[in-house]
Structure formats: structure tokens, C-alpha cells
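Here this note's numbering is used: the first residue of the sequence shown is 389, the next is one more, and so on.
Data block below; observations after.
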Amino acid sequence: MSTSTSTGVGPVFARAKEEGRGVLVGYLPAGFPSHDGAIAAFEAMAEGGVDVFEVGLPYSDPTMDGPTIQAAADQALRGGTRTKDVLRTVEAVSGLGVPTLVMTYWNPIERYGVERFARDLSSAGGAGLITPDLIPEEAEEWIAASDATGLDRVFLVALSSSTQRLRLTARASRGFVYAASVMGVTGAREQTSAGAPGLVARLREVTDLPVGVGLGVSNGNQAAEVAASADAVIVGSAFVRPLLDAPDERTGVERVRELARDLADGVRRPGQ
389 MSTSTSTGVG
399 PVFARAKEEG
409 RGVLVGYLPA
419 GFPSHDGAIA
429 AFEAMAEGGV
439 DVFEVGLPYS
449 DPTMDGPTIQ
459 AAADQALRGG
469 TRTKDVLRTV
479 EAVSGLGVPT
489 LVMTYWNPIE
499 RYGVERFARD
509 LSSAGGAGLI
519 TPDLIPEEAE
529 EWIAASDATG
539 LDRVFLVALS
549 SSTQRLRLTA
559 RASRGFVYAA
569 SVMGVTGARE
579 QTSAGAPGLV
589 ARLREVTDLP
599 VGVGLGVSNG
609 NQAAEVAASA
619 DAVIVGSAFV
629 RPLLDAPDER
639 TGVERVRELA
649 RDLADGVRRP
659 GQ
């Protein structure tokens with residue numbers, strides 16, 4: 389199984405390493421707050437300094453998403469967003485020059501067709517897939533499809549993962565390994581996870597792939613704390629919240645831009 393790639397997100401991590409900083413990954417569901425509003429928000433993220441996009445595939449039965457992302461996904465689904473619209477969003481935002489991953493539960497991909505989805509995602513300019521509920525032992529079809537298309541495949545590990553599980557997951561991953569830094573669902577928190585540095589250290593003992601830490605980061609100071617040990621800081625709910633709370637899309641997009649700048653400053657702070 390591959391452990392590195394010259395396409396996908398690999399060059400972004402290599403460049404950030406040369407610059408001595410962390411990579412900032414920003415998430416929003418496709419179709420939220422609207423199809424065009426999501427694209428505008430991703431444009432604002434790029435202008436604010438986000439290095440990698442995560443386009444979420446709205447799903448009605450999430451297991452990992454907290455109330456903030458669930459509210460955004462519900463709004464996108466009510467607006468009629470479907471898998472083909474996610475691919476349209478990827479095609480639109482990948483043109484911004486920011487590697488774009490899709491974050492999705494596995495069931496919608498099986499319904500769409502694994503090989504078909506990989507082919508269409510690649511054609512849309514996507515860089516790969518993050519699959520929170522798919523374990524490597526059950527990913528044979530996706531591993532084959534991602535190898536055929538050159539897409540990255542990002543699997544998740546948790547604080548409770550054994551060393552054997554970390555090694556197995558890292559060997560199956562390409563691009564980076566996603567370290568979920570808390571036991572629970574997504575959502576901004578007042579403090580970063582005390583367990584995240586330890587999980588990153590355990591992963592570094594079993595792989596040379598970059599490690600991205602997600603869940604709970606909502607401001608530049610927290611991003612700086614996480615970037616002190618991890619290669620990437622993954623932010624989701626904090627980007628969704630301004631769009632939920634804003635009186636209109638334009639205001640929400642502007643707040644997303646301001647947050648991206650704060651977080652981008654955080655991953656660039658030396659000596660944390």
C-alpha cells in the first residue's frame with residue numbers, strides 16, 4: 389500500500405514543512421448555506437490562508453458530527469443537495485488551486501458506486517476522500533478505486549486506538565492520517581485536547597505520513613497549540629458557526645474569511 393504521493397495533498401504538506409509551519413484544513417458541507425454560498429465561503433477560506441479544503445457530503449444519519457455540523461447538513465439537504473451537487477462543488481472550488489478532499493460517510497459512496505464515485509471525483513479535480521466510518525479492513529473496494537485514480541485516502545484513528553490499529557490505519561492511508569483528538573462528536577471547544585500530542589507522538593512511531601489533528605479547534609491560539617505537535621490542524625464546526633449565525637450569506641462569508649486569517653496566523657506561529 390502506498391505511503392506517499394506526489395499529487396493530492398502531498399505537495400502542500402511538503403511545502404509547509406519547508407516553511408516550518410502547520411497545514412490548515414478547512415471544512416464546510418456542500419450546499420451550505422446554499423450551493424453558491426458554500427463556494428463563496430471556500431473562496432473566502434482560500435483568501436484567508438486555508439491550505440486544504442474538506443467538502444462535506446451532507447448526510448441524514450451522522451455518527452461523528454456534532455449539532456453545529458448536523459444543522460448545516462440538514463439545511464443543505466433541505467436545499468436539495470445530493471452527491472452530484474457535492475461533485476459540482478468540488479469542481480468549482482478545486483479551480484482555486486487548493487487541494488480538495490471530500491469528507492463523507494461510506495453509505496452514500498456505496499449507493500453512488502465506488503468506482504463511479506472515484507472516477508467522477510477525480511474528473512472534478514478532487515484530491516481524495518476522508519472516510520470517518522470506514523476501517524481499512526473493509527475498504528478493499530475503495531483502496532482499489534483510489535489506487536486506480538490516484539486519489540488520496542484518509543482514514544481516522546482515535547485516542548483509544550491500539551498501536552496495532554495505528555499501524556494498520558497508517559499503512560492504508562495516503563496523503564495524511566486523521567487523528568480525532570477527542571472521544572465524541574465534532575464541535576468547537578474552549579480548550580484543545582490534552583491527549584492530541586500523545587496520539588500524534590504514537591503515530592509518528594509507526595508512520596512517516598503527515599498527521600492531521602481534528603475536532604475542537606476554533607481560533608488562532610488553539611491552532612497554534614495543535615500545530616506545535618501535528619502537521620495539520622483540521623477545522624470544521626468553527627467555520628460552520630459564522631454561517632449559521634450570520635443574518636445573511638454575505639456577512640457569514642466575511643466572518644469565515646476573518647476566521648481563516650486568524651487560524652492561518654496560528655499555524656504559522658513559531659515556538660509554540
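Ideal placement from N, C-alpha and C gives every residue a C-beta, glycine not left out.
Cβ-Cβ separation, residue 397 to residue 563 (assumed contact under 8 Å), whole Å: With a beta-carbon spacing of about 5 Å, residue 563 and residue 397 fall inside the 8 Å limit used to define contacts.
Cβ separation of residue 416 and residue 628, assumed to be a contact under 8 Å, to the nearest whole Å: Right, their Cβ atoms sit about 6 Å apart.
Tell me where the beta strand (DSSP E) around residue 452 begins and ends. That residue, residue 452, is in no beta strand (DSSP E); it is neither H nor E in DSSP.
For residue 513 versus residue 551, is the C-beta spacing smaller than 8 Å? Taking 8 Å as the cut-off, the beta carbon of residue 513 is found no closer than this to the beta carbon of residue 551.
What residue range is occupied by the uninterrupted alpha helix (DSSP H) comprising residue 541? For residue 541, there is no enclosing alpha helix (DSSP H); the residue is part of the beta strand (DSSP E) that begins and ends at 540 to 542.
My understanding is that residue 447 touches residue 496, with C-beta atoms under 8 Å, so please give their C-beta distance in whole angstroms. Confirmed, about 6 Å.
From residue 531 to residue 635, what does the alpha carbon distance come to, in whole angstroms? Rounded to the nearest angstrom, the gap between the Cα atoms of residue 531 and residue 635 is 43 Å.
Go ahead and pull the three-state DSSP assignment for residue 418. Residue 418 falls in the coil class under three-state DSSP.
Using the Cβ count rule (16 or more neighbours within 10 Å means buried), how would you classify residue 548? With fewer than 16 other beta carbons inside 10 angstroms of its own, residue 548 counts as exposed.
Could you tell me the boundaries of the beta strand (DSSP E) in which residue 442 lies? Where residue 442 is concerned, the enclosing beta strand (DSSP E) stretches over 440 to 444.
With the cut-off set at 8 Å, would you say residue 516 and residue 545 are in Cβ contact? Contact flag unset, no.
Across the segment 422 to 439 and the segment 456 to 475, are there enough close Cβ pairs to call them in contact, namely three or more that are closer than 8 Å? Result yes; three or more Cβ-Cβ pairs closer than 8 Å.
Given 8 Å as the limit, is there contact between the segment 469 to 486 and the segment 431 to 442, that is, 3 or more CB pairs closer than that? Result yes; three or more Cβ-Cβ pairs closer than 8 Å.
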